[in-house]
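For reference, the structure discussed in these notes is given below.
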């Protein structure tokens, strides 16, 4: 894929974002996980023509806010990323609702009811020893497992310009309760 790609994600609380960003900076990490997020719909079916947008926004408008919490940092079994597991059925339920609404022609193998919600902190690459970084990340975020759950009222539309880029938030779309409060469902101008 050479052009832009999109995904839909929940954003962690601001203080978690700040801590993850600081930790990444301290370790000189520069990869597609630069903006902390929890993917609820990966790029399959989210084409640059945006013909899926109305279906996605309708699914979000019909979905309640999502409550989730974090657990201790881990490395995926195949070693592809250092991540924070996300607990709570809400992210998977939203993921399934988005799959049903968008109906991508093809799905990634990790999409579907087996999806493991997570916040990627560092992606594997040549010369990076994720196992060596794990204890420091675990110490940095040890308290997150003890915090009360966080409730997200919006989903971020994230865009990556192409290979070598990183996903950045370009818009925020409301979940059901938020849309009713805002009245329009269009949050492009929101901070």
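Numbering (the numbering used here), first residue to last: 279 to 469.
The beta carbon of each residue, even a glycine, is placed where N, CA and C say it ideally should be.
- Message: Tell me the rounded alpha-carbon separation between residue 269 and residue 290.
- Response: Any answer about residue 269 is impossible in this case: the structure gives the chain only from 279 up to 469.
- Query: Nearest-angstrom Cα distance between residue 375 and residue 450?
  - Reply: Cα to Cα, the separation comes out at about 18 Å.
- Task: Please classify residue 453: does DSSP put it in a helix, a strand, or coil?
- Result: coil
- Helix, strand or coil for residue 315, going by three-state DSSP, please let me know. coil
- Message: Residues in the same chain with beta-carbon distance under 6 Å from residue 359, minus the five sequence neighbours each way, listed in chain order, please.
- Response: 398 and 401
- Would you kindly check if the distance between the Cβ of residue 287 and the Cβ of residue 255 is under 8 Å? Residue 255 falls outside the range modelled here, since the chain spans only 279 to 469, and no answer is possible.
- For residue 461, count neighbouring C-beta atoms within 10 Å of its own C-beta (all shown protein chains included) and say buried if the count is 16 or more, exposed if not. Bear in mind that a pLDDT of 43 at residue 461, under 50, signals an unreliable position, so the number given afterwards is only what the model happens to contain. Taking every protein chain shown into account, the CB of residue 461 has fewer than 16 other CB atoms within 10 angstroms, so this residue is exposed.
- Item | Top-ranked residue by Cα proximity to residue 282, from 438, 448, 445 and 432 | 438
- Spatial neighbours of residue 464 within its chain, please: CB distance less than 8 Å, with the 5 preceding and 5 following residues excluded, ordered by chain position. Annotation note: pLDDT 39 at residue 464 (below 50); position unreliable, no value reported.
- Query: Helix, strand or coil for residue 419 per DSSP?
  - Reply: coil
- Note the first and the last residue of the continuous beta strand (DSSP E) segment covering residue 287. 283-288
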